[in-house]
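Visitor: Pasting a structure below so you can have a look.
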Amino acid sequence: MQFEAFYRDGKLQFDQPVRFRRASFRVVVEVPEEEILNEESNPLNNLPTEVHQRAVEMRKRLDQVRTQPPPRDEEIPPLSEKVLERIDAFEQREER
Amino acid sequence: MDLLLDVNVVVDICAKREPFFELADLAVSKCHLEGGRLWLYTGSVQTLEYVTRSALKFANEQAGRKLSARQLQWQTRQLVADFSKLAHWLSALPDEGEVFASADPEDEQLLRAMERFPSGEIKLLTRDARMLDEHPDKVISPRAFLGQSQGNKKVDFIDLKAQQDAIRPQLERNIHRVLHHGRYIMGPEIQELEQCLADYVGVEHCITCSSGTDSLLIAMMALGIGPGDEVITTPFTFIATGEMIALLGARPVFVDIDPRTYNIDPIKIEAAISPRTRAIMPVSLYGQPADLDAINAIAEKHGLPVIEDGAQSFGATYKGRKSCGLSTIGSTSFFPSKPLGGYGDGGALFTDDAALATAMREIRIHGQDRRYHHPRIGINGRMDTLQAAIVLAKLDRFGDEIAARQQVAARYNERFAPDVREPSPMTNEENTPAHPGRILATPYTAPERTHVYAQYTIDTDDREALQAKLKEQGIPAAVHYPVGLHRQPAFRQTGYGAGDFPNAEAAAARVMSLPMHPRLTLDDQVKIVQAIRHSQ
Ligand SMILES: Cc1ncc(COP(=O)(O)O)c(C=O)c1O
């Protein structure tokens, strides 16, 4: 049987009162994944090192692209009215 | 598993958006390392650019970097272009346009785009909470993807996916062109392909056909082969070779093979020639040309034409000349698993003889020389325009594909070297092996020939046990071919029996083909070699 419970400072608490036959027994609890910090259950700790290596390489390359000094304005084609309007419109887009 | 990247994840990566980019970086590299593909939806390009721009603007401001509007656009495009090199563009299809009834048309497009993949083979990678809630089976977060274990990965016997990835833009463009011009039968792509193939092989004429079986039939019809005639060929080949001879009412006369190359043994041909012999049809098995100089010399002496069945050897060379351009007529197949495979059936014929070329062209289209005029009997043996468009898209990279196959084969050869039993295989001597390896031989390439490894076939004396062991470890193996044609029930009337062709029979009992494709990884090859080595 499923109950909703809240985890607060080391204890599971039922928001609605429930009475049990016994004072203690085993339960299986479903915990939202994003709440877990525990080292072993963090998938990042079980990833093969190649995954980390590859990610680092990609990051290095993208950082390089991102931080390279941009050309001067005169060397870049101007933005048309149309593009500027589109930029404004997209800036209204809800960020997720 | 493949991942379709939602815009938010790509922006996290490109704009290095805190705190999300790290998980996104890792998810992308995990997908790659597990052999999955990353997809970017073509229909999202504009959103991708503008949202990345806005995130970069924010990041630059935070970092105190001042960029002009133009510089920001430049930076955005550099980043998106660079990142997109890691992914494939997934085209937007028409049924992804009609999404106006949906609450979120953009998300709906992505969900629909994934429907063209087999179920479970792709997920949308996103942080969008609504999508994650509503479509848990189709959508995954970077964190959840990182926690997902891949399961036991199987080795593919052939892998056509990676090749498709490399040519997708040309491929889809070519297919769409045909859809739009609508000339599905003998459209312009047919002629274009014939010209390219003739140039590639180095002959005057190429005639594309509906398959590498029909091409053999057409070639023999053009030579006038029929009932009462005999055609000399090998018993160790795919059924089509002998089957087409019999279909014309002629008799296949088999000649045993050279045990090292598995191709017809030229030394034994002459004894099989009779007054009824009309042609010699060697097969360039597994991807290595038969000894065509020797065969041509015998044929010339007896005034016979030679048809090379090069279904498996397209792209291979013999003394510097290409397979299919080595004899009176060359025939090949574009069956999907062949070195130059299409996405369905197809084949081609090659010749320098203008009269034969005309005959074969006519036979391919009901024996007609002009519309509704039929000087001879023919068949419907045309290649589809769509199929030609597909093969055309593959031609540019064909040279690289062959080189990659040869490299894969070289890696196998090298790693199998300690497992090859000494002394050399198939001598039929029962002497005690000096080195008790599992393998009797790896593929042998004769001098002055190149091999394109349509199959990488080894020789082993406990094939069934070995094959079963490999299967347990998720490694597929195949047998090309377990029974010689002379022992096939369909050829009962030819009167051949067990023991007539000892080399072919020994080969049929012992050969086993291993996974082979241009993108077979060293890791997989090591796994295969180890599995064979430790299968005792
Ligand atoms: C030696 C040989 N001949 C003929 C064929 C027939 O080709 P297709 O499958 O295109 O009809 C094949 C293909 O499997 C083959 O391997």
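Chains as they are written, first to last, in the working numbering: chain A, -17 to 78; chain B, 934 to 1469.
Where is the CB? At the ideal position from N, CA and C, for every residue including glycine.
Bear in mind that the values here come from a model prediction, so they are computed numbers and not experimental data.
For Val33/A, return the contacting residues in chain B, with the cut-off set at a CB-CB distance below 7 Å.
Guide: Leu959, Ser962, Lys963, Leu966
Visitor: Might you give, ordered along the chain, the residues of its own chain that have their beta carbon closer than 8 Å to the beta carbon of Ile1206/B, omitting 5 neighbours on each side?
Guide: Only Ile1165, Ile1231, His1235, Leu1237 meet the Cβ criterion.
Visitor: Can you pull the chain C neighbours of Glu16/A, defined as C-beta to C-beta under 8 Å?
Guide: The chain labelled as chain C is not found among the protein chains of the depicted structure, namely A and B.
Visitor: When the cut-off is 7 Å and only beta carbons count, does Asp1015/B lie next to chain A?
Guide: yes
Visitor: By the criterion of Cβ-Cβ separation under 8 Å, what are the contact partners of Asp55/A in chain B?
Guide: Ser1001, Arg1003, Gln1004
Visitor: Given this structure, state the Cα-to-Cα distance separating Lys(-7)/A from Ala(-13)/A, to the nearest angstrom.
Guide: 10 Å
Visitor: Mapping the DSSP letters down to three states, classify Ser1270/B as helix, strand or coil.
Guide: coil
Visitor: Consult DSSP for Met1359/B and reduce its assignment to one of helix, strand or coil.
Guide: Bear in mind that the predicted position of Met1359/B carries a pLDDT of just 49, short of 50, making it too unreliable to give a figure here.
Visitor: Taking the CB atoms as reference points, tell me whether Ala1212/B and Ile1240/B lie closer together than 7 Å.
Guide: Taking 7 Å as the Cβ cut-off, Ala1212/B and Ile1240/B qualify as a contacting pair.
Visitor: Closer than 8 Å by C-beta to Val1341/B: which residues in its own chain qualify, once you throw out the five before and the five after it? Chain order, please.
Guide: Tyr1386, Tyr1389, Met1449, His1450, Pro1451, Leu1453, Gln1458
Visitor: What's the call for Leu1447/B, buried or exposed, on a 16-neighbour Cβ count within 10 Å?
Guide: buried
Visitor: Between which two residues does the alpha helix (DSSP H) carrying Lys990/B extend?
Guide: 978 to 995
Visitor: Contact defined as beta carbons within less than 8 Å: I believe Asp935/B pairs with Ile946/B. What is the distance between those atoms, to the nearest angstrom?
Guide: No, Asp935/B and Ile946/B are not in contact; Cβ-Cβ is about 17 Å, not under 8 Å.
Visitor: For the stretch 1049 to 1082 of chain B, list every residue whose C-beta sits within 7 Å of some C-beta in chain A, in sequence order.
Guide: Arg1060, Asp1061, Arg1076, Ala1077, Leu1079, Gly1080
Visitor: What I want to know is whether the C-beta of Leu1458/B ends up closer than 6 Å to one or more non-hydrogen atoms of ligand 1.
Guide: The residue asked about is misnamed: residue 1458/B is Gln in this sequence, not Leu. Not so, every heavy atom of ligand 1 lies at least 6 Å from the Cβ.
Visitor: Tell me whether Thr1365/B sits in a helix, a strand or coil according to DSSP, three-state version.
Guide: Bear in mind that the predicted position of Thr1365/B carries a pLDDT of just 49, short of 50, making it unreliable; the figure below should be weighed with that in mind. Coil at Thr1365/B, not helix or strand.
Visitor: Please confirm if Trp1022/B has its CB atom under 7 Å from at least one CB of chain A.
Guide: no
Visitor: In the DSSP assignment, what residue or residues form a beta bridge with Lys1255/B?
Guide: Thr1250/B
Visitor: For His1307/B, is the classification buried or exposed, using 16 other Cβ atoms within 10 angstroms of its Cβ as the cut-off for buried?
Guide: Counting Cβ neighbours within 10 Å, His1307/B comes out exposed, since fewer than 16 surround it.
Visitor: Measure from the alpha carbon of Leu1156/B to the alpha carbon of each residue in Cys1142/B, Glu1137/B, Ala1183/B, Ala1441/B, then state which is nearest.
Guide: Ala1183/B
Visitor: From the DSSP output, read off the bridge partner residues of Asn1313/B.
Guide: Ile1298/B
Visitor: Would you mind working out which of Arg36/A, Ala5/A, Glu73/A sits nearest Leu1471/B, comparing C-alpha positions?
Guide: The structure shown does not extend to residue 1471/B, since chain B spans only 934 to 1469, so no value can be given for it.
Visitor: Please tell me whether, using a cut-off of 6 Å, the distance from the CB of Gly1145/B to the nearest non-hydrogen atom of ligand 1 is below it.
Guide: Yes, since a heavy atom of ligand 1 falls inside the 6 Å radius drawn around the Cβ of Gly1145/B.
Visitor: Just how far apart, CA to CA, sit Leu1181/B and Glu1438/B?
Guide: 26 Å
Visitor: Should Gly1280/B be counted as a contact of ligand 1 given a C-beta to heavy atom distance under 6 Å?
Guide: Gly1280/B: yes, Cβ under 6 Å from ligand 1.
Visitor: What in chain B is Cβ-close to Glu73/A, meaning under 9 Å?
Guide: Tyr983, Arg986, Ser987, Lys990
Visitor: Kindly identify the DSSP beta-bridge partner or partners of His1021/B.
Guide: Trp972/B
Visitor: Taking the beta strand (DSSP E) that Met1445/B belongs to, which residues open and close that run?
Guide: 1444 to 1447
Visitor: For Gly968/B, collect the residues of the same chain with a Cβ closer than 8 Å to its Cβ; drop the 5 residues on either side in sequence, then sort them by chain order.
Guide: Lys1086
Visitor: Would you say Gln1008/B lies against chain A (beta-carbon separation less than 7 Å)?
Guide: By this cut-off, Gln1008/B is an interface position.
Visitor: Classify His1413/B as buried or exposed, calling it buried when 16 or more other Cβ atoms lie within 10 Å of its own Cβ.
Guide: buried
Visitor: Determine whether the beta carbon atoms of Val940/B and Ser977/B lie at a separation below 7 Å.
Guide: yes
Visitor: Along chain B, which residues have their Cβ under 7 Å away from the Cβ of Val47/A?
Guide: Gln1011, Leu1012, Asp1015
Visitor: Taking C-beta to C-beta, are Lys990/B and Leu971/B nearer than 7 Å?
Guide: Pairing Lys990/B with Leu971/B gives a Cβ-Cβ distance that is not under 7 Å.
Visitor: Indicate whether the contact test is met: 3 or more Cβ pairs, each with one atom in the stretch 44 to 60 of chain A and one in the stretch 1039 to 1050 of chain B, closer than 8 Å.
Guide: Counting C-beta pairs closer than 8 Å gives fewer than three between the stretch 44 to 60 of chain A and the stretch 1039 to 1050 of chain B, which falls short of the contact rule.
Visitor: Kindly give me the distance between the Cβ atoms of Leu1325/B and Glu1125/B, rounded to whole angstroms, as I take these residues to be in contact under 8 Å.
Guide: 6 Å
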